[in-house]
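Colleague: First the structure, which I've put down as structure tokens, then a few questions once you've had a look.
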Amino acid sequence: MFIRGLTGPLSVSRLRNEMDRLFQDAFDGTLRLDPFGMGGGAAFPAMNVWEDGDALFVEAEMPGLKMDDIEVVVTGDELTLKGERRETQNANVTYHRRERGVGAFSRVLRLPYAVDVDKVEANLRDGVLTIRVPKSEQARARKIVVKGA
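In my numbering, the protein residues as written are 168 to 316.
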């Protein structure tokens, strides 16, 4: 396999940026290859991401978490979800099965266009975090009038 040119999806600079991000996550303790002990390196939280003409929407599964356990940050072209599921203090019990892990998580979503950071909204309801990220005025589609010569 070879990489053509220095631009495009497999550019050297993009690869370097992704590697820098991975190393930064590893050293600040937010990289979780197996979050919550789910096995298989599944990403947590599971997310759906879609857009309409005005905004990007993110739905993230956050079962058992409260608003105080979750942090949503928009910086530049990234939306970051961070949080922690704390261990319940059951000192006098014997687990027969323990599949719900505990610990910190972090998930970064690259935003596909400029957004209006001051109007981002996040709501937690029934274990699902819904985030509405409005497009900036410059990123919204506009119809261009074609003029004749």
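Glycine is no exception: its CB is placed at the ideal position from the N, C-alpha and C atoms. Bear in mind the structure is a predicted one, so any value in this text is a computation, not a measurement.
Just list the alpha helix (DSSP H) runs in the region 269 to 304, keeping only unbroken ones of 4 residues or longer that don't cross its boundaries, in chain order.
Modeller: Within the region 269 to 304, no run of alpha helix (DSSP H) reaches 4 residues while sitting entirely inside it.
Colleague: Using the three-state DSSP reduction, which class does Val179 fall into: helix, strand or coil?
Modeller: When secondary structure is reduced to three states using DSSP, Val179 falls in the helix class.
Colleague: Let me know if Val313 comes out buried or exposed under the rule of 16 or more other beta-carbons within 10 Å of its beta-carbon.
Modeller: exposed
Colleague: What did DSSP end up calling Leu232 once you bin it into helix, strand or coil?
Modeller: coil
Colleague: Just how far apart, CA to CA, sit Val179 and Met186?
Modeller: 10 angstroms
Colleague: Does the contact criterion of 3 or more C-beta pairs under 8 angstroms hold for the region 263 to 275 versus the region 295 to 310?
Modeller: no
Colleague: Report the three-state DSSP secondary structure of Asn215 (helix, strand or coil).
Modeller: strand
Colleague: Can you give me the C-alpha to C-alpha distance between Val241 and Asn259, rounded to a whole angstrom?
Modeller: 42 angstroms
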